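Colleague: Using the numbering used here, read the sequence shown as starting at 2 and increasing by one per residue. Yeah, the Cβ is synthetic: ideal placement off N, Cα and C, and Gly gets one too. Keep in mind that this is a model prediction, so the values were computed, not measured.
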Amino acid sequence: MRRYHQAFFYYPFLYCIFEAIQIFYMKNLLIIVSVLLSICACTEHSSSNNDQAPVKATVLDSLSDNKITLDLLPLSVQAEEDLKSFDDLQALRNLILTMQNSNAFYIQKYADSTDLAVGTLRENIPNDLNTNAISSRLTVLATETALLRHWSEKKMVTEDKLFEANTRLIKAYNSLVIQLNELSLAIPENIEKELLGED
């Protein structure tokens, strides 16, 4: 290194060239770094804009004829008579009938009301209907209505997903109807267990 300094001392011209080369490379390095930083900043800004871009909600056709094909089970004549004054059940039946006949647009629209109706029914269930079988069916029904409401609140939900959730809801309701019909036969729970061979 000392030898190089001596050379620069004796040959000032070489020293000036060396300094010029250093300055040239330093300037180029600064330009390159500046360009890279600018590119990174632009990329980050673009990514930030993409993250903040609003997600467009799925538009469901309110005039569509598509709907599920699963039928509702009817209450027996005796169950109809026994439950005709149970307003919360009648309100739920009307909503379920609407859901069963609805396209995806109206399934999404009434999902929240159906979930609320099931919750109200569970809160106001009469003592004579508050059996283990009825309670378990109501729990399943509440789970399905909550799931349907969850999907209905999604911005990008598909028609098929709403139909799938609605089908599960109707099946859960039909299961409840079966239990209500059985209860209307006035079979004591302990005898029912014996008939079913349960311990």
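1. Leaving out five residues before and five after Q79 in sequence, what residues of the same chain have Cβ atoms less than 6 Å from its Cβ?
2. State the CB to CB distance for the pair I126 and Q180, rounded to an integer number of angstroms; the pair is presumed to be in contact (CB under 8 Å).
3. Can you give me the C-alpha to C-alpha distance between N104 and L64, rounded to a whole angstrom?
4. Along the chain, where does the alpha helix (DSSP H) that runs through T121 open and close?
5. What's the gap between the Cα of N167 and the Cα of D83?
6. Quick test of your reading: L73 and I97, contact by CB under 8 Å. State the CB separation rounded to the nearest angstrom.
7. Going by beta carbon distance, what residues of the same chain come within less than 8 Å of T99, once the five residues before and after it are set aside?
8. Where does the unbroken alpha helix (DSSP H) through S65 begin, and where does it stop?
9. Identify, in the order they occur along the chain, each residue of the same chain with its Cβ nearer than 7 Å to the Cβ of L61, setting aside the five sequence neighbours on each side.
10. Note down, in chain order, each residue of its chain lying with its Cβ closer than 7 Å to the Cβ of S114, except the 5 sequence neighbours on either side.
11. In whole angstroms, what separates the C-alpha of K162 from that of S137?
12. Select from K155, D66, G120 and L130 the residue whose C-alpha is nearest the C-alpha of L142.
13. Under three-state DSSP, which class holds T146?
14. In whole angstroms, what separates the C-alpha of N175 from that of T144?
Modeller: Let me spell this out:
1. Along the sequence shown, read from residue 1 onward, the residue named residue 79 stands at position 78. Excluding sequence neighbours, Q79 sits near S185.
2. The residue you call residue 126 lines up with position 125 of the sequence shown. The residue you call residue 180 lines up with position 179 of the sequence shown. The C-beta separation of I126 from Q180 comes to about 12 Å, leaving the pair out of contact by the 8 Å criterion.
3. Reading the sequence shown from its first residue, position 103 is the one you call residue 104. Reading the sequence shown from its first residue, position 63 is the one you call residue 64. Taken atom to atom, the span from the alpha-carbon of N104 to that of L64 is near 8 Å.
4. Here residue 121 refers to the residue found at position 120 of the sequence shown. It spans A105 to E124 - the alpha helix (DSSP H) in which T121 sits, taken as one unbroken run.
5. Counting from one through the sequence shown, the residue named residue 167 turns up at place 166. Counting from one through the sequence shown, the residue named residue 83 turns up at place 82. In a straight line, the C-alpha of N167 is about 28 Å away from that of D83.
6. Translated into positions along the sequence shown, residue 73 becomes position 72. Translated into positions along the sequence shown, residue 97 becomes position 96. About 7 Å; that satisfies the 8 Å criterion.
7. Mapped onto the sequence shown, residue 99 falls at position 98. Y107 and Y111.
8. Sequence index remark: in the sequence shown, residue 65 carries index 64 (1-based). First-last for S65: undefined, no H or E at that position.
9. What you label residue 61 is simply residue 60 of the sequence shown in a count that begins at 1. Excluding residues within five positions, the ones whose Cβ falls inside 7 Å are A105, F106, Q109 and E160.
10. As a first step, residue 114 must be located in the sequence shown, where it is residue number 113. If we look at S114 and ignore the five residues flanking it on each side, its Cβ neighbours are L96.
11. By one-based count along the sequence shown, residue 162 stands at place 161. By one-based count along the sequence shown, residue 137 stands at place 136. C-alpha separation (whole angstroms): 25 Å.
12. If you number the sequence shown from 1, residue 142 lands on position 141. The shortest C-alpha separation from L142 is found at G120.
13. One-based indexing of the sequence shown puts residue 146 at position 145. Residue state, collapsed to three classes: helix.
14. Reading the sequence shown from its first residue, position 174 is the one you call residue 175. Reading the sequence shown from its first residue, position 143 is the one you call residue 144. Looking at the two C-alpha atoms, the distance is approximately 14 Å.
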